[in-house]
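Presented below is the structure to which this report refers.
Protein chains: 2
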Amino acid sequence: MESTEILDKENSSTASAKEGAVVTIVGVGLISGSFALALKEKGFAKKVIGVSRTEASLQKAKQLGIIDVALPLEEAVKQSDFIYVAIPVDATITVMKQIMDLLTDKQMVADAGSTKFVLCDALKDHPMRHRFIATHPMWGTEYSGPEAAVTGAFTGRACVICEKEKTDLDVVTYVENIYKTLGMNMVYMDAHSHDIHAAYISHISHITSFALANTVLEKEKEEDAIFALAGGGFESTVRLAKSSPAMWAPIFMQNRENLLDVLNEHISQLRKFKASLEKENLEYLIELMENANKIKRILQ
Amino acid sequence: MESTEILDKENSSTASAKEGAVVTIVGVGLISGSFALALKEKGFAKKVIGVSRTEASLQKAKQLGIIDVALPLEEAVKQSDFIYVAIPVDATITVMKQIMDLLTDKQMVADAGSTKFVLCDALKDHPMRHRFIATHPMWGTEYSGPEAAVTGAFTGRACVICEKEKTDLDVVTYVENIYKTLGMNMVYMDAHSHDIHAAYISHISHITSFALANTVLEKEKEEDAIFALAGGGFESTVRLAKSSPAMWAPIFMQNRENLLDVLNEHISQLRKFKASLEKENLEYLIELMENANKIKRILQ
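Have a look at this one:
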């Protein structure tokens with residue numbers, strides 16, 4: 001993880017926005033939809049083309065003003081200055097290769113996926129690798145689909161760029177300028193480090209939330225009671241359990257080794273709580289909780 | 301759990317507010333402080349007396365306009381129409397007995413604790429049991445102390461009343477009228493059922509959050525990376541890990557049997573995720589996640 005390098009918010013790039021670009025979003029969901037809305041708002045896109053396997057999503061995205069037109073992938077790529085891919089991470093590999101096979105040296109492509117190692121590895125020898133930039137804007141909600149897209153997304157969050165050195169400088173500058181204009185803080189690391197950090201900070205939170213929902217659904221058969229009693233604490237810890245399996249299952253699978261490491265540690269931490277309760281060891285219980293309180297130091 | 305009875309928001313009580321009561325809050329923290337601010341705002345209290353072992357908290361509560369005066373417990377009880385106890389649940393048992401030993405038939409006392417069985421059991425034979433009402437307003441934040449008190453707390457949340465039948469009707473009517481005026485939905489159940497539901501819906505969320513914080517702190521030594529990358533998902537799942545050990549450790553201990561039941565189930569649910577990852581069983585992983593998605597049906 002020694003390669004993690006965190007730059008501060010100060011915009012070190014002086015690149016001007018390539019205003020009025022033709023942009024294709026591949027996938028018309030939460031991330032790509034919010035991204036497209038932001039591009040239009042900030043004047044980066046004069047035209048947004050949508051690509052999706054789901055006709056209904058394209059219709060919805062058009063209605064919501066997220067895209068101007070829907071086209072098949074090949075036609076969309078041909079017409080675009082910049083292509084932004086935000087689909088499940090397993091599909092990304094195939095689709096990204098298709099796009100890069102069509103790409104010219106004047107075009108640019110980015111992904112927004114939550115895993116980076118498998119994708120970067122799959123693309124490392126592609127002749128157009130230098131026109132691709134691997135990005136992970138660390139923003140999201142538990143909702144999905146074009147109707148989940150919102151304006152004002154991304155602001156104040158981190159955006160990880162991986163293997164920056166493998167991407168042409170004009171592409172890096174262009175894409176960073178967009179993210180910075182949206183209010184994101186750029187963070188640079190190699191793909192392997194990204195995936196380890198993502199396992200700790202994002203993926204395990206989703207797993208625990210899914211598992212907590214299953215726990216409560218299994219044990220608490222009286223749904224009326226959950227509904228009546230569930231307060232803010234419960235809602236915030238199970239919120240992520242509403243997340244899309246189609247989006248998250250491939251993320252967990254691609255990052256399974258790192259995630260298993262963290263999951264094993266998490267189960268072992270839960271067992272410490274269990275032991276303190278079983279042995280009625282109040283002192284140990286308080287010690288575990290006081291240690292957890294140290295997270296305050298880190299979160300604001 | 302057959303005794304759970306959920307009434308709708310419609311206020312079935314016609315009791316008028318006993319305006320201008322002298323109210324003592326025992327403990328001057330998040331819950332009691334927010335409660336006192338609400339009592340003043342809604343005209344229920346003409347005077348609020350604060351009782352605490354911590355002089356600094358009393359001073360702070362006075363500065364913040366939460367209490368008008370600080371007094372020792374015995375003097376405070378003598379002067380009060382209504383006493384509201386919101387201190388750690390282990391201390392509540394002792395203090396509640398002290399209060400009830402001083403109580404007359406015209407006075408009323410309530411607790412606001414997150415566990416109910418041990419307290420109700422400890423008080424069941426007290427000659428003044430009929431002037432006590434066991435309540436659990438299911439609201440809170442991860443912060444503590446008088447400076448954590450806020451106006452507008454409690455609204456839209458459930459308030460559980462236990463063993464209503466053991467409390468005089470005038471006390472029930474008075475206290476319910478306050479909670480309803482604050483916008484709470486009354487839910488009635490026996491103390492044992494309350495504790496089971498609380499384990500599922502509140503206590504386990506806190507345990508998982510504490511354990512997740514410990515997991516990340518243990519594995520992720522690069523605190524700068526957590527700080528830079530932690531997005532909304534992480535923050536919402538570890539938010540409760542900031543909670544006060546002094547308040548929560550006694551809750552977990554009093555409810556340890558129910559909590560251990562839920563904790564065992566939760567560990568077993570996490571193991572299912574672990575197995576699906578270890579075996580690279582995407583189908584099973586998706587099945588687990590789709591099941592968790594059912595929580596949507598319950599949470600709005």
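If you read the sequences in order, they're chains A and B.
Residues in the first sequence are numbered consecutively from 1, following the numbering used here.
Residues in the second sequence are numbered consecutively from 301, following the numbering used here.
Cβ atoms here follow ideal geometry from the backbone N, Cα and C, with glycine treated the same way.
Of the residues the options, the one placed nearest residue i, counting alpha carbons only
i: A:Asp190; options: A:Asp168, A:Val118 and A:Gly183; result: A:Val118
i: A:Gln59; options: A:Gly145, A:Val85 and A:Lys47; result: A:Gly145
i: A:Asn264; options: A:Ser32, A:Thr104, A:Ile204 and A:Ile161; result: A:Ile204
i: A:Lys124; options: A:Arg157, A:Phe154, A:Lys164 and A:Gly152; result: A:Lys164
i: A:Leu30; options: A:Lys42, A:Trp139, A:Asp168 and A:Glu235; result: A:Trp139
i: B:Asp561; options: A:Asp261, A:Ala230 and A:Ala275; result: A:Ala275
i: A:Gln63; options: A:His266, A:Thr208 and A:Gly33; result: A:Gly33
i: A:Val171; options: A:Val51, A:Phe132, A:Pro127 and A:Glu257; result: A:Phe132
i: A:Pro127; options: A:Lys166, A:Gly152 and A:Cys159; result: A:Lys166
i: A:Ala153; options: A:Arg239, A:Cys162, A:Tyr174 and A:Tyr179; result: A:Tyr179
i: A:Met184; options: B:Lys521, B:Glu583 and B:Ala528; result: B:Ala528
i: B:Ile393; options: B:Ala422, B:Tyr384, B:Glu374 and B:Lys340; result: B:Ala422
i: B:Val385; options: B:Leu403, B:Glu374 and B:Val351; result: B:Val351
i: A:Asp101; options: A:Cys120, A:Ala91, A:Glu74 and A:Val89; result: A:Glu74
i: B:Leu337; options: B:Glu447, B:Pro545 and B:Thr473; result: B:Glu447
i: A:Arg239; options: B:Asn593, B:Ile526, B:Leu577 and B:Tyr488; result: B:Asn593
i: A:Thr47; options: A:Ile295, A:Glu41 and A:Gly20; result: What sits at residue 47 of chain A in the sequence shown is Lys, not Thr. That would be A:Gly20, whose Cα lies nearest to the Cα of A:Lys47.
i: B:Glu535; options: A:Ala246, A:Ala70 and A:Ile295; result: A:Ile295
i: B:Ile383; options: B:Tyr488, B:Val487 and B:Leu403; result: B:Leu403
i: B:Gly533; options: B:Pro545, B:Ser543 and B:Ser509; result: B:Ser509
Classification of residue i by the beta-carbon crowding that lies within 10 angstroms, buried from 16 upward
i: A:Pro72; result: exposed
i: B:Val326; result: buried
i: A:Thr115; result: buried
i: B:Arg353; result: exposed
i: B:Met589; result: buried
i: B:Arg597; result: exposed
i: B:Glu476; result: buried
i: A:Pro250; result: buried
i: B:Asp405; result: exposed
i: B:Lys579; result: exposed
i: B:Ser568; result: exposed
i: B:Asp495; result: buried
i: A:Leu217; result: buried
i: B:Leu469; result: exposed
i: B:Val537; result: Looking at the sequence itself, residue 537 of chain B is Thr, so the reference to Val does not match. That one is buried.
i: B:Ala356; result: exposed
i: A:Glu10; result: For A:Glu10, the predicted structure reports a pLDDT of 35, less than 50, and the residue's modelled location is therefore unreliable. The matter cannot be settled from this model.
i: A:Lys97; result: exposed
i: B:Glu442; result: buried
Paired residues, beta bridge with residue i - DSSP
i: A:Ala134; result: A:Asp111 and A:Cys162
i: A:Ala21; result: A:Ala45
i: B:Met489; result: B:Cys462
i: B:Val326; result: B:Val351 and B:Val385
8 Å Cβ cutoff met for residue i and residue j
i: A:Asp49; j: A:Gln79; result: Checking the sequence shown, residue 49 of chain A turns out to be Ile, not Asp. Yes; because the gap between Cβ atoms is below 8 Å, this pair is in contact.
i: B:Ala410; j: B:His436; result: no
i: A:Val77; j: A:Ile87; result: no
i: A:Ile66; j: A:Val28; result: yes
i: B:Gln407; j: B:Asp381; result: yes
i: A:Phe252; j: B:Leu585; result: yes
i: A:Cys162; j: A:Ala134; result: yes
i: A:Ala241; j: A:Leu212; result: yes
i: B:Asn591; j: B:Ala498; result: no
i: A:Trp248; j: A:His192; result: no
i: B:Tyr500; j: A:Lys42; result: no
i: A:Leu299; j: B:Ala530; result: yes
i: B:His566; j: A:Thr215; result: yes
Three-way DSSP call (helix, strand, coil) for residue i in this model
i: B:Ile567; result: helix
i: A:Leu277; result: helix
i: A:Tyr143; result: coil
i: A:Met96; result: helix
i: A:Phe82; result: strand
i: B:Val351; result: strand
i: A:Ala70; result: strand
i: A:Val89; result: helix
i: B:Leu599; result: coil
i: A:Gly33; result: helix
i: B:Val475; result: helix
i: A:Ser13; result: Since pLDDT at A:Ser13 reaches only 35, below the 50 mark, its modelled position is unreliable, and no value is offered.
i: A:Gly233; result: helix
i: A:Met289; result: helix
i: A:Arg256; result: helix
i: B:His426; result: coil
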